[in-house]
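Here's the structure we're looking at; comments come further down.
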Amino acid sequence: MNNSKEVLVEVKDLKKYFPVRGGMIAEKRQVLKAVDGVSFDIYKGETLGLVGESGCGKTTVGRTILKLYEPTSGRIIFDGDDITDLNDRQMRPYRKRMQIIFQDPYASLNPRMTVGDIIAESIDIHKIATGEERKAMIFDLLDKVGLNHEHANRYPHEFSGGQRQRIGIARALAVNPDFIVCDEPISALDVSIQAQVVNLLEDLQDEMGLTYLFIAHDLSMVKHISDRVGVMYLGKIVEIAESSELYSNPLHPYTQALLSAIPVPDPDAMEQQNRIILKGDVPTPINPPSGCRFRTRCPIAGDICAEQDPEMKDYGGGHMAACHFIK
Amino acid sequence: MDKLLEIKNLHTSFFTHVGEVKAVRGINIDVYEGEAIGIVGESGCGKSVTSLSVMGLVPSPGKVIEGQIHFKGEDLLKKSEKEMQKIRGNKIAMIFQDPMTSLNPVYTIGDQLIEPLRIHKNMDKEAARQKAIELLREVRIPDPERRLKQYPHEFSGGMRQRVMIAMALSCQPELVIADEPTTALDVTIQAQILELMKELKEKFNTSIMLITHDLGIVADLCSRIVVMYAGVIVEEGAVRDIFYNPKHPYTWGLLKSIPKVNMTSKERLVPIDGQPPDLLKPPAGCPFVPRCRYAMRICQQQHPALYSVSENHRAACWLLDSQAPPVEWDREGVSLK
Chain A
105 MNNSKEVLVE
115 VKDLKKYFPV
125 RGGMIAEKRQ
135 VLKAVDGVSF
145 DIYKGETLGL
155 VGESGCGKTT
165 VGRTILKLYE
175 PTSGRIIFDG
185 DDITDLNDRQ
195 MRPYRKRMQI
205 IFQDPYASLN
215 PRMTVGDIIA
225 ESIDIHKIAT
235 GEERKAMIFD
245 LLDKVGLNHE
255 HANRYPHEFS
265 GGQRQRIGIA
275 RALAVNPDFI
285 VCDEPISALD
295 VSIQAQVVNL
305 LEDLQDEMGL
315 TYLFIAHDLS
325 MVKHISDRVG
335 VMYLGKIVEI
345 AESSELYSNP
355 LHPYTQALLS
365 AIPVPDPDAM
375 EQQNRIILKG
385 DVPTPINPPS
395 GCRFRTRCPI
405 AGDICAEQDP
415 EMKDYGGGHM
425 AACHFIK
Chain B
69 MDKLLEIKNL
79 HTSFFTHVGE
89 VKAVRGINID
99 VYEGEAIGIV
109 GESGCGKSVT
119 SLSVMGLVPS
129 PGKVIEGQIH
139 FKGEDLLKKS
149 EKEMQKIRGN
159 KIAMIFQDPM
169 TSLNPVYTIG
179 DQLIEPLRIH
189 KNMDKEAARQ
199 KAIELLREVR
209 IPDPERRLKQ
219 YPHEFSGGMR
229 QRVMIAMALS
239 CQPELVIADE
249 PTTALDVTIQ
259 AQILELMKEL
269 KEKFNTSIML
279 ITHDLGIVAD
289 LCSRIVVMYA
299 GVIVEEGAVR
309 DIFYNPKHPY
319 TWGLLKSIPK
329 VNMTSKERLV
339 PIDGQPPDLL
349 KPPAGCPFVP
359 RCRYAMRICQ
369 QQHPALYSVS
379 ENHRAACWLL
389 DSQAPPVEWD
399 REGVSLK
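Sequence order for the protein chains is A and B. Everything in the first sequence is counted per the numbering used here, starting at 105 for the first residue and increasing by one. Everything in the second sequence is counted per the numbering used here, starting at 69 for the first residue and increasing by one.
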């Protein structure tokens, strides 16, 4: 997939904090550390999967890379240019090259706009085409995502979830981007429809040389679509590796627990599976545990874990993990 | 094993302003004592409506229009609302999908746990409180005495679902209907809840009717599976029958559209093209025809009967007829012989 190994997106020590007002009396301004020091590269033409449980910051990472949120600190480098401090107007040329597909196909399409206008919105904003040329582009995009030309004049409510997600994909493709953040694009869809959308995303990637950041909590689908996968826990990446390597040889205890928790649609495999059941819930990112954030639920945590935050280390072949107890 | 619940030829429809939506169109399901049965299907296939029909909770404009639901020999559909109230929460309990909205936000967890015990079991306040504490301990909520005085918003999603389970089990029901009990939860929390349900089933010998779209969860918890499509049952059988020897093209499609565990490279998924039919005007023949690669002329004209594959394994597909061309399924693919 990534023979060239050219980096398209480089994220360095990215942090995104949100202020929260606590209680009736605002004594101390608290901060929610949604993303707390995340670094990774995305290579041209690859799909990087990002998995983790709700509240781990995976969506925030995706949105901050696109500068839909202002990063608190850290750097975002897109195709060699540092875009961290660019203002909205300076961002415009980059927005043409980076797009997003949202999770909820019901909430992410304006119900008062026709499908054609939804798809062409960015064409209009970036003044790419008008009139007949614009219409031809819309038809072309509808073809690409497997919808009919007459769908252009209809409204979103006339479409099913899977079709709406196709509209969302067509909208993202309208400006001919290099990079698309897919934020849980299939979570809201039925199983048989999920495969349709995943196949479409894969075809488009081959055809147009797209690079994806694929955010999801469905680990088996992420494994299927990604070249590499990063696992997040409470604002940090705990492990990142080639996807087959990560699934066959998980190093971090959280990754191990997460993988063992997937219910496998195969009764025989299920019987052999050695489940690691984690205790308790994910702590709040407002006051995360000291040291390693996973230590409160970790089956192998020791004293050092409370004192020191483990660093990401390379265990060979780009397989990185952050845990004190990996041999 | 005895039959605990027997659903016979159930038809449930919704009378909307655009017409009658036939959500459930004649299904038969038996649930035996102490077993966990999974009802699988995609949104709109009628699986939730089936469970609501059993509970007598089909929301207006919906109505059960035909059929019988025998629970321990008595037809629930003939019961008055008052009689149903004595059964609901007592003999048959339900765990809903969304723990965020199925608890009342203005009452404490304690109040909500104690209520069914006071009503169904005639317990006095103190005894009910003690029982509630015990139940919370049972579902592994730490510090139950303090937790009893808290409100739902003070609990996390996983904890709320535990409370829902504690509530469902409080009167030791014989049947628990769990409608997508873990869909709103994260995987690690889902694993906790499934483990808990398995344990409680063993301990109290409760029957479970699990409604879900996730085949993995069924493989984990259930011994039998019913696959529903467009308001009808297309296949039913033991878990291994369905996973290793499925007979209906829809079941094939479902199994092939999810990535396999040991899938090595970027193997392509095989989706089911198209969409389920509109139940405002359900087709005369098999509802899966427009999406089925093996559809024959008869499939469009007549709805197939349930063909027996083995003793407990049945599928509603004309391919199983002796006159149909043989079609073989294996885990890698389906081929016309």
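From the three backbone atoms N, C-alpha and C, an ideal C-beta is built for every residue, glycine too. For clarity, every value in this text was computed on a predicted model and none was experimentally measured.
Say whether the stretch 413-428 of chain A touches the stretch 387-399 of chain A, bearing in mind that this needs 3 or more beta-carbon pairs closer than 8 Å, one atom from each stretch.
Judged by Cβ distances under 8 Å, the stretch 413-428 of chain A makes contact with the stretch 387-399 of chain A, as three or more pairs qualify.
Distance check for Ile177 (chain B) and Glu248 (chain B), CA to CA, integer angstroms please.
Here residue 248 (chain B) refers to the residue found at position 180 when the second sequence is read from its first residue. Here residue 177 (chain B) refers to the residue found at position 109 when the second sequence is read from its first residue. Those two C-alpha atoms are separated by around 22 Å.
Let me know if Thr169 (chain B) comes out buried or exposed under the rule of 16 or more other beta-carbons within 10 Å of its beta-carbon.
Walking along the second sequence from the start, residue 169 (chain B) turns up at place 101. The residue is exposed, with fewer than 16 neighbouring Cβ atoms inside 10 Å.
Under the DSSP definition of a beta bridge, which residues are partnered with Gly153 (chain A)?
For the purposes of this step, residue 153 (chain A) is taken as the residue at position 49 of the first sequence. The secondary-structure analysis by DSSP pairs Gly153 (chain A) across a beta bridge with A:Phe318 and A:Val333.
Are the C-beta of Ala384 (chain B) and some C-beta of chain A separated by less than 8 Å?
The sequence position of residue 384 (chain B) within the second sequence is 316, counting from 1. For Ala384 (chain B), the answer is no, since every Cβ of chain A falls outside 8 Å of its Cβ.
Pull up the distance between the alpha-carbon of Met296 (chain B) and that of Lys76 (chain B), whole angstroms please.
On the second sequence, position 228 is the one that residue 296 (chain B) refers to. On the second sequence, position 8 is the one that residue 76 (chain B) refers to. Taking the straight line from one Cα to the other gives about 15 Å.
Shorter than 8 Å from the beta carbon of Arg125 (chain A) to some beta carbon of chain B?
Along the first sequence, read from residue 1 onward, the residue named residue 125 (chain A) stands at position 21. No, Arg125 (chain A) lies away from the interface with chain B (no Cβ there is under 8 Å from its Cβ).
The alpha helix (DSSP H) spanning Val286 (chain B) covers which residue range?
Numbered from its first residue, the second sequence carries residue 286 (chain B) at position 218. Membership of Val286 (chain B) in the alpha helix (DSSP H) is indicated by the continuous run Leu283 to Leu289.
Please classify Pro358 (chain B): does DSSP put it in a helix, a strand, or coil?
Here the question's residue 358 (chain B) lines up with position 290 in the second sequence. When DSSP states are grouped into helix, strand and coil, Pro358 (chain B) belongs to the helix group.
Does the Cβ-Cβ distance between Cys354 (chain B) and His371 (chain B) come in under 8 Å?
The residue labelled residue 354 (chain B) in the question sits at position 286 within the second sequence. The residue labelled residue 371 (chain B) in the question sits at position 303 within the second sequence. Contact flag set, yes.
Cβ atoms of Lys116 (chain A) and Ser143 (chain A): under 8 Å apart, would you say?
To locate residue 143 (chain A), count along the first sequence from 1; it is residue 39. To locate residue 116 (chain A), count along the first sequence from 1; it is residue 12. The answer is yes: Cβ separation under 8 Å.
Determine the direct distance from the alpha carbon of Lys231 (chain A) to that of Asp192 (chain A), and round the result to whole angstroms.
Your numbering for residue 192 (chain A) matches position 88 in the first sequence. Your numbering for residue 231 (chain A) matches position 127 in the first sequence. Rounded to whole angstroms, Asp192 (chain A) to Lys231 (chain A) spans 17 Å at the Cα level.
DSSP three-state call for Gly112 (chain B): helix, strand or coil?
One-based indexing of the second sequence puts residue 112 (chain B) at position 44. Three-state result, Gly112 (chain B): coil.
Is the number of C-beta pairs between the stretch 352-363 of chain A and the stretch 329-342 of chain A that are closer than 8 Å three or more?
yes
How would you label Leu322 (chain B), buried or exposed, when you count the other beta carbons within 10 angstroms and need 16 or more for buried?
As a first step, residue 322 (chain B) must be located in the second sequence, where it is residue number 254. With 16 or more Cβ atoms within 10 Å of its Cβ, Leu322 (chain B) is classed as buried.
Using the beta-carbon of each residue, which ones in chain A are nearer than 9 Å to Phe311 (chain B)?
As a first step, residue 311 (chain B) must be located in the second sequence, where it is residue number 243. The contacting residues are Pro369, Asp370, Pro371 and Asp372.
Under 7 Å Cβ to Cβ from Asn172 (chain B), same chain only, skipping five residues before and after it: list those, please.
For this step, residue 172 (chain B) is matched to residue 104 along the second sequence. Within the same chain, Asn172 (chain B) has close Cβ partners Gln180.
Over the uninterrupted alpha helix (DSSP H) stretch that includes Leu312 (chain A), give me the two end residues.
Along the first sequence, one-based indexing puts residue 312 (chain A) at 208. Note that residue 312 (chain A) corresponds to Met in the displayed sequence, not to Leu. Met312 (chain A) -> alpha helix (DSSP H) spans Val295 to Met312.
Please state the DSSP three-state secondary structure of Gly106 (chain B).
As a position in the second sequence, residue 106 (chain B) is number 38, starting the count at 1. DSSP places Gly106 (chain B) in strand when its eight states are reduced to three.
Going along chain B, which residues have a C-beta under 8 Å from Glu157 (chain A)?
One-based indexing of the first sequence puts residue 157 (chain A) at position 53. Simply Asp254, Val255, Thr256 and Ile257.
Since Leu112 (chain A) and Phe283 (chain A) should fall inside the 8 Å C-beta cutoff, what is the C-beta to C-beta distance between them, to a whole number of angstroms?
Along the first sequence, read from residue 1 onward, the residue named residue 112 (chain A) stands at position 8. Along the first sequence, read from residue 1 onward, the residue named residue 283 (chain A) stands at position 179. The pair is a contact, with the Cβ atoms about 6 Å apart (cut-off 8 Å).
Using Cβ-Cβ distances below 8 Å, what residues of the stretch 234-257 of chain A are close to chain B?
none
Helix, strand or coil for Gly272 (chain A) per DSSP?
One-based indexing of the first sequence puts residue 272 (chain A) at position 168. Gly272 (chain A) falls in the helix class under three-state DSSP.
Suppose you measure from the CA of Ser291 (chain B) to the CA of Glu103 (chain B); what does that come to, to the nearest Å?
Here residue 291 (chain B) refers to the residue found at position 223 of the second sequence. Here residue 103 (chain B) refers to the residue found at position 35 of the second sequence. Approximately 7 Å, taken between the alpha carbons.
Cβ of Glu110 (chain B) less than 8 Å from any chain A Cβ?
Within the second sequence, numbered from 1, the residue matching residue 110 (chain B) stands at position 42. Cβ-Cβ to chain A under 8 Å: yes for Glu110 (chain B).
Might you give, ordered along the chain, the residues of its own chain that have their beta carbon closer than 7 Å to the beta carbon of Ala419 (chain B), omitting 5 neighbours on each side?
Beyond the ends of chain B as shown, which are 69 and 405, falls residue 419 (chain B); an answer cannot be given.
Cutting at 8 Å between CB atoms, please list the residues of its own chain near Phe122 (chain A), excluding the five before and the five after it.
In the first sequence, residue 122 (chain A) corresponds to position 18, counting from 1. Val135, Leu136 and Ala138.
Nearest to Gln165 (chain B) by CA position, among B:Thr280, B:Leu237 and B:Asp389, is which residue?
The count along the second sequence starts at 1 and reaches residue 165 (chain B) at position 97. With distances taken between Cα atoms, Gln165 (chain B) lies closest to B:Thr280.
By the criterion of Cβ-Cβ separation under 9 Å, what are the contact partners of Asp282 (chain B) in chain A?
As a first step, residue 282 (chain B) is located in the second sequence; it is residue number 214 there, counting from the start. Those are Val295, Pro367 and Pro369, listed as they occur along chain A.
Quick one: using the 10 Å Cβ neighbour count with 16 as the cut-off for buried, is Glu110 (chain B) buried or exposed?
Start at 1 with the first residue of the second sequence, and residue 110 (chain B) comes out as number 42. With 16 or more other Cβ atoms inside 10 Å of its own Cβ, Glu110 (chain B) counts as buried.
At a CB-CB cut-off below 7 Å, which residues of chain A make contact with Gln165 (chain B)?
For the purposes of this step, residue 165 (chain B) is taken as the residue at position 97 of the second sequence. Ordered by position in chain A, no residue passes the 7 Å Cβ test against Gln165 (chain B), which lies about 14 Å from the chain.
Whose C-beta lies closer than 7 Å to the C-beta of Arg196 (chain B) among residues of the same chain, with five residues either side of it excluded?
The count along the second sequence starts at 1 and reaches residue 196 (chain B) at position 128. Before going on, a small fix: residue 196 (chain B) reads as Ala here, not Arg. Taken in chain order, the residues that qualify are Ile182, Leu185 and Arg186.
So, under 8 Å CB-CB, Ile293 (chain B) and Val286 (chain B) are touching, yes? Tell me the CB distance rounded to an integer number of Å.
The sequence position of residue 293 (chain B) within the second sequence is 225, counting from 1. The sequence position of residue 286 (chain B) within the second sequence is 218, counting from 1. With 8 Å as the limit, Ile293 (chain B) and Val286 (chain B) qualify as a contact, their Cβ atoms being about 6 Å apart.
If you compare alpha carbons, which of A:Ile146, A:Ala299 and A:Cys402 is closest to Ile340 (chain B)?
Here residue 340 (chain B) refers to the residue found at position 272 when the second sequence is read from its first residue. Checked all of A:Ile146, A:Ala299 and A:Cys402; the closest Cα to Ile340 (chain B) is A:Ala299.
Under 8 Å between C-beta atoms, does Val300 (chain B) make it to chain A?
Along the second sequence, read from residue 1 onward, the residue named residue 300 (chain B) stands at position 232. Answer no: the Cβ-Cβ gap between Val300 (chain B) and chain A never drops below 8 Å.
Are Gly159 (chain A) and Ser347 (chain A) touching if we call contact CB-CB under 8 Å?
By one-based count along the first sequence, residue 159 (chain A) stands at place 55. By one-based count along the first sequence, residue 347 (chain A) stands at place 243. For Gly159 (chain A) and Ser347 (chain A), no; Cβs fall outside 8 Å.
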